[in-house]
Structures are given as structure tokens and as C-alpha cells.
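To start, the structure itself, in C-alpha cells.
Protein chains: 2
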Amino acid sequence: MSARQDRAVAAEAPVDEPMSKARLRLWLRFLKASRMIEARLRDRLRAEFATTLPRFDVMAALSRYEAGLKMSELSGVLRVSNGNVTGIVDRLAEEGHVVRVPVPGDRRAALVRLTAKGRAEFARQAAAHEAWIDEMLGDFGAAEAASVIRRLDALVAELGAKGVS
Amino acid sequence: MSARQDRAVAAEAPVDEPMSKARLRLWLRFLKASRMIEARLRDRLRAEFATTLPRFDVMAALSRYEAGLKMSELSGVLRVSNGNVTGIVDRLAEEGHVVRVPVPGDRRAALVRLTAKGRAEFARQAAAHEAWIDEMLGDFGAAEAASVIRRLDALVAELGAKGVS
DNA sequence: CAAAAATATTTTATGCTTGAAATAAAATCC
DNA sequence: GGATTTTATTTCAAGCATAAAATATTTTTG
Numbered sequence: 248m249s250a251r252q253d254r255a256v257a258a259e260a261p262v263d264e265p266m267s268k269a270r271l272r273l274w275l276r277f278l279k280a281s282r283m284i285e286a287r288l289r290d291r292l293r294a295e296f297a298t299t300l301p302r303f304d305v306m307a308a309l310s311r312y313e314a315g316l317k318m319s320e321l322s323g324v325l326r327v328s329n330g331n332v333t334g335i336v337d338r339l340a341e342e343g344h345v346v347r348v349p350v351p352g353d354r355r356a357a358l359v360r361l362t363a364k365g366r367a368e369f370a371r372q373a374a375a376h377e378a379w380i381d382e383m384l385g386d387f388g389a390a391e392a393a394s395v396i397r398r399l400d401a402l403v404a405e406l407g408a409k410g411v412s
Numbered sequence: 248m249s250a251r252q253d254r255a256v257a258a259e260a261p262v263d264e265p266m267s268k269a270r271l272r273l274w275l276r277f278l279k280a281s282r283m284i285e286a287r288l289r290d291r292l293r294a295e296f297a298t299t300l301p302r303f304d305v306m307a308a309l310s311r312y313e314a315g316l317k318m319s320e321l322s323g324v325l326r327v328s329n330g331n332v333t334g335i336v337d338r339l340a341e342e343g344h345v346v347r348v349p350v351p352g353d354r355r356a357a358l359v360r361l362t363a364k365g366r367a368e369f370a371r372q373a374a375a376h377e378a379w380i381d382e383m384l385g386d387f388g389a390a391e392a393a394s395v396i397r398r399l400d401a402l403v404a405e406l407g408a409k410g411v412s
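Those sequence lines, one after another, are chains E and H. Quick note on this note's numbering: the first sequence kicks off at 248 and runs consecutively. Quick note on this note's numbering: the second sequence kicks off at 248 and runs consecutively.
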């Protein structure tokens, strides 16, 4: 079979293909899986909780810091731009899920904290989120999950060392 | 926690932890790696080619279809909304990288095709893109890449079967 | 202390993304 | 053949994301 099939559909790797092509295919699969999962999370958050992944992410970060986070700390933890967080926190504040409280002694800064309502709402969302992931990744058993996590940790470390922040 | 949550340091799994927590950790690592790679691709496309990942994706799709694609086919291939593609194609057309050509016999539709300029530009971008991926995933050898690709294909199939499109 | 530098945050301009509504042009059906 | 439905695409409103500029407030420093 000399058919050259370079379509999007899975093909066997040509025997003499350069390694870079194999890695490119690996990346494309990786990205595809990641986007599928993310898309479903977005859909469900919207359908079941009328919220979004970015808002969920902000609440997740705040839920780990009882004392609250400054805007700049929040954008640091989430690794997104400052201006970005401003808008998301604005919306969460309108919904009553977070509050901005002044930092005594520094009138520039503000702490963002979950409200009681926000904390309760996030608990519900997080439980659902975990169940969705559990369903989607149900094929991964304990041993495989652990080994993939190790492999991904190594990759992330490697990427970090190569200057990808 | 999907996104950007980075509980920076890897924690050992508690012995009695429910499986869902292990899968959640797996997802968080997966997402983190994916976002790091994507962020670097975006940065480099911007710095070296003054373009974006969405534009690159559109050109990549068109480069596989010499004859061109209708707008709806394009959004189907890329799995994004119709309205989304309209704007990206508008910008690529302004840059002279693509053209909309009328479909004879159907005045509603238009074929989008790479121009000669667009084809040449994409060739340069694609070569650089492949090299960036090759560098970032350099730790993956042929055997490991192949096995991970198989695993991801299985995951994607499973997700598809579960209704994640 | 006053000028300069650094820090914390918001604003602005631009682009990506979606779902839903609007337009327009076939295709189908009575 | 004219009304209805379907198909192809764009427009719209809202939200997310970034980099760069603007504000405001501390901190440093000469």
C-alpha cells in the first residue's frame, strides 16, 4: 500500500518520517483531547451553573486562600494578565460571589475574598466538576493515572526549564 | 480548578483518596502542560510572524484543501462557530493571505482559499511551528510518542462516544 | 524632604469565542 | 408557481484574554 495519507485521520507513521513529525502528531492529539474536555466543562458549567470556566478558576483559587488574595496575587496564581482578572472579579462581585476588601495600610491594593454565598456556590460547582472529570477520564485506573501524572510533571518541569512559563 | 490552578508542587496521592481525586489531578496536569505549550506557540507566532494561533489554524486547514473550503466546512473542520470563522477570515483576507471566491451556482456560499502569498507564508510558519513543538516535546522518543498517541486516540474516541464533540 | 522609581490596579484597544438573531439564497412541497 | 423550510453566512451582544498606557499610591534615594 503506497497510499499517502496525510489527512487529519489517524495514519500510521511513515517509516522514514522525521521525529519532529511524530512529535507534531503527538501535540495535535494532545491538544484535541484537551480541547474536547475543556469544551465539555464549559458547556456544563454554563448549562448547570450559569457560569464560565474563568469564573470557576477564580473561585477555585480563592477557595484555597481563606484570607483572600490581592488582585496581583490572583493573576499570578492563575497566570493571566492583571487586566483580565479585573473584569472577572467585577462580574463575580456583581453576582455576590466575591468581595473586594481594602488592605489596611495600602490604599492601592484590595483583597478579593469569597463571600459565604460564593463559598457555598463553589462547593456545589467543584463537586460537579470533579464528577464530570471522573466520568470523562473513567478509563484511567489508579496506576495509569499516577504514571501519566508523573510523566506530565516531568514535561511541565522540562518546559519550565526551557523558558516556557 | 480546571485552568490555571497551579498548586505548584506535586503532592503524593493520599492513600485512601477516592479515584475521582486522582483523575482530577491528572486533568489539572494535563491542562497545565497543554496551556504552557499553547502559550509558547502563541508568543512565538506573535513575535516571529505577527500572527495568532487561530489564524494559523485556519491557514493550516486551508493548506490541506487546495480547492478551498466553504465557510461552513471551515468551521466544521476547526470545530468552532460560524461567526468566529467570519472574523478570522476577514482579517486573513485583509492581510492578503486568503481570498473568498464565489461558488458558481450558489450565491449564498463562498470558497475560502489560500493565496500564493498565504501559501508561502504558511509554509514558513508551519516549519517554525514544527520545530518549536519538536523542541518542547524533545523528551519524547519515537516509541513513547507512538504509545501516547495511541492512548490519546483511545481517549478521544471514548470522549466522542460519551457525547463530547 | 522632594524627585524619582517601583508597585497595585484599572482602562483601553484589539482580537478570539460563543450562541442567538438576522439576511439571503436555495430547495422542497402543496 | 408561490409559500415554506432549509442551508450558508453574517451580525450582534457578551465575555474572556492580552499588551500597553494611564492612575494612584507607596517606597526609595539623592
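Positions of the beta carbon are idealized from the N, C-alpha and C atoms, including for glycine. Note that this is a predicted model, so its numbers are computed, not measured.
Contacts around residue i, its chain only, beta-carbon distance under 6 Å, and the 5 residues preceding and following it disregarded
{"i": "residue 305 (chain H)", "result": "335"}
{"i": "residue 369 (chain H)", "result": "306, 310"}
{"i": "residue 347 (chain H)", "result": "357, 359"}
{"i": "residue 410 (chain E)", "result": "none"}
{"i": "residue 301 (chain H)", "result": "335"}
{"i": "residue 324 (chain H)", "result": "308"}
Limits of the unbroken alpha helix (DSSP H) element including residue i
{"i": "residue 370 (chain H)", "result": "363-383"}
{"i": "residue 268 (chain H)", "result": "266-296"}
{"i": "residue 398 (chain E)", "result": "389-408"}
Beta bridge counterpart(s) of residue i as assigned by DSSP
{"i": "residue 316 (chain H)", "result": "H:359"}
{"i": "residue 304 (chain H)", "result": "None; residue 304 (chain H) has no bridge partner."}
{"i": "residue 353 (chain E)", "result": "E:350"}
8 Å Cβ shell around residue i - same chain, five flanking residues per side excluded
{"i": "residue 328 (chain E)", "result": "322"}
{"i": "residue 333 (chain E)", "result": "318"}
{"i": "residue 293 (chain E)", "result": "299"}
{"i": "residue 295 (chain H)", "result": "375"}
{"i": "residue 350 (chain H)", "result": "317, 356, 357, 358"}
{"i": "residue 343 (chain E)", "result": "362, 364, 365"}
{"i": "residue 372 (chain H)", "result": "292, 296, 298, 303, 306"}
Other residues of its chain near residue i: CB distance less than 7 Å, five sequence neighbours each side excluded
{"i": "residue 389 (chain H)", "result": "none"}
{"i": "residue 313 (chain H)", "result": "none"}
{"i": "residue 345 (chain E)", "result": "309, 336, 339, 359, 360, 361, 362, 365"}
Distance cut-off 7 Å: residue i Cβ against heavy atoms of the ligand ATP
{"i": "residue 351 (chain E)", "result": "Of ligands this structure carries none, so the ligand ATP is not represented either."}
ask   = Can you list, in chain order, the stretches of the alpha helix (DSSP H) that have 4 or more residues and sit fully within the stretch 322-351 of chain E?
value = Unbroken alpha helix (DSSP H) runs of no fewer than 4 residues, entirely contained in the stretch 322-351 of chain E, are found at 329-341, following chain order.
query = What are the residues of the stretch 311-326 of chain H that lie near chain E, defined by any Cβ-Cβ distance shorter than 9 Å?
reply = Residues of the stretch 311-326 of chain H with a Cβ closer than 9 Å to any Cβ of chain E, in chain order: 311, 324, 326.
Residues within the stretch 369-385 of chain E neighbouring chain H, beta-carbon criterion of under 9 Å = So the list reads 373, 376, 377, 378, 380, 381, 382, 383, 384, 385, given in the order they occur along the chain.
ask   = Between the stretch 323-352 of chain E and chain H, which residues of the former have a C-beta closer than 9 Å to a C-beta of the latter?
value = Cβ contacts with chain H: 324, 325, 326, 327.
inquiry  = Closer than 9 Å between beta carbons: that is the criterion. Which residues of the stretch 384-411 of chain E meet it against chain H?
reply    = Residues of the stretch 384-411 of chain E that bring their beta carbon within less than 9 Å of a beta carbon in chain H comprise 384, 385, 386, 387, 388, 389, 391, 392, 393, 395, 396, 397, 398, 399, 400, 401, 402, 403, 405, 406, 407, 409, 410, 411, in sequence order.
message = Against chain H, which members of the stretch 288-308 of chain E pass a CB distance test of less than 8 Å?
response = Within the stretch 288-308 of chain E, the residues whose Cβ lies closer than 8 Å to some Cβ of chain H are 288, 300, 301, 303, 304, 307, 308, listed in chain order.
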